[in-house]
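Counting from 617, one number per residue, gives the positions in the sequence shown under this note's numbering. This report concerns only the one structure given below.
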Amino acid sequence: MKKVILLICSFVLLLTCSSVATAQTNTFFETQTMATEVYDNWVVDGGVFHRFSDNWKIRTFFLMKNSWGQAHLGPIWQPLDWLQVGVSVGVRKGIDGWDFQTSYLLVLSKKKFSFVGMVEAGRLAYAGDHDQVWYDLTVRWKAMKWLTIGLKDRRPAGVGPLVEFHFWKLTAWAAWVPMDSEAPEFDWPRTLLGLKICL
């Protein structure tokens, strides 16, 4: 798994270098965790978006967390200025070994408002195992150049308010997600924290 992730990181860095020559390539790296279980939930992820035309981009993505890792690749279609739809395929590796992974993306944006929805599914999700489904649904409003507020629903973390602080190419964010996404249960201290750099 480490060799695969290293190969993907090398690919991402190669595309990052190419982004110096063209504004058509955007790269990001991020680290995030959950405040109540910092080490167990520590995640490193990143990816590249490369625009080939006015309507088409390609997306690569990787993520590492303890003994878990995933990577996928796929197209994004932008038929309208405010709408993007993407699908990608790849692999995941956990305690049960290697498996197939799919990912779906929906982006809606208009002026200061945006919605980003991502759903990931393992192979067994298509056979009814909903434990292999992960999603992140985020609504944002850009209040100021340096401040964005919103609402995040991430499975399996929970639902709650989001705040993002922007400086240079960095975004520091926190989402207080005390309410479970699928049951009337609460974990009041539960908070997601992240730091992202876009190149």
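Ideal Cβ placement from N, Cα and C applies to all residues, glycine included. Since the model is a prediction, treat every value here as computed from it, not as a measurement.
Margin query: My output table needs one value for D747: the three-state DSSP class, helix, strand or coil.
Written below: Correct three-state label for D747: helix.
Notebook entry, point to check: Beta carbon of L809, beta carbon of F781: below 9 Å?
Noted result: One thing to note: L809 has its Cβ no nearer than 9 Å to the Cβ of F781.
Next item on the list: Check each candidate in D715, G713, A791 and name the one with the smallest Cα separation from P805.
Entry: With distances taken between Cα atoms, P805 lies closest to A791.
Next item on the list: Measure the CB-CB distance between Q748 and L722 and report whether it falls below 9 Å.
Entry: no
Margin query: Using the three-state DSSP reduction, which class does R739 fall into: helix, strand or coil?
Written below: helix
Notebook entry, point to check: Any idea if K673 is buried or exposed, counting beta-carbon neighbours within 10 angstroms, 16 or more meaning buried?
Noted result: buried
Note to self: Mapping the DSSP letters down to three states, classify E780 as helix, strand or coil.
What the structure shows: Three-state result, E780: strand.
Check: When the distance is taken between beta carbons, is E801 closer than 9 Å to R771?
Finding: no
Check: From Y751, G710, V755, pick the residue whose C-alpha is nearest to that of K728; which is it?
Finding: V755
Notebook entry, point to check: Among D670, Y751, R675, Y655, which residue has its Cα nearest to the Cα of V664?
Noted result: R675
Next item on the list: Please classify G706: is it buried, with 16 or more other beta-carbons within 10 angstroms of its beta-carbon, or exposed?
Entry: buried
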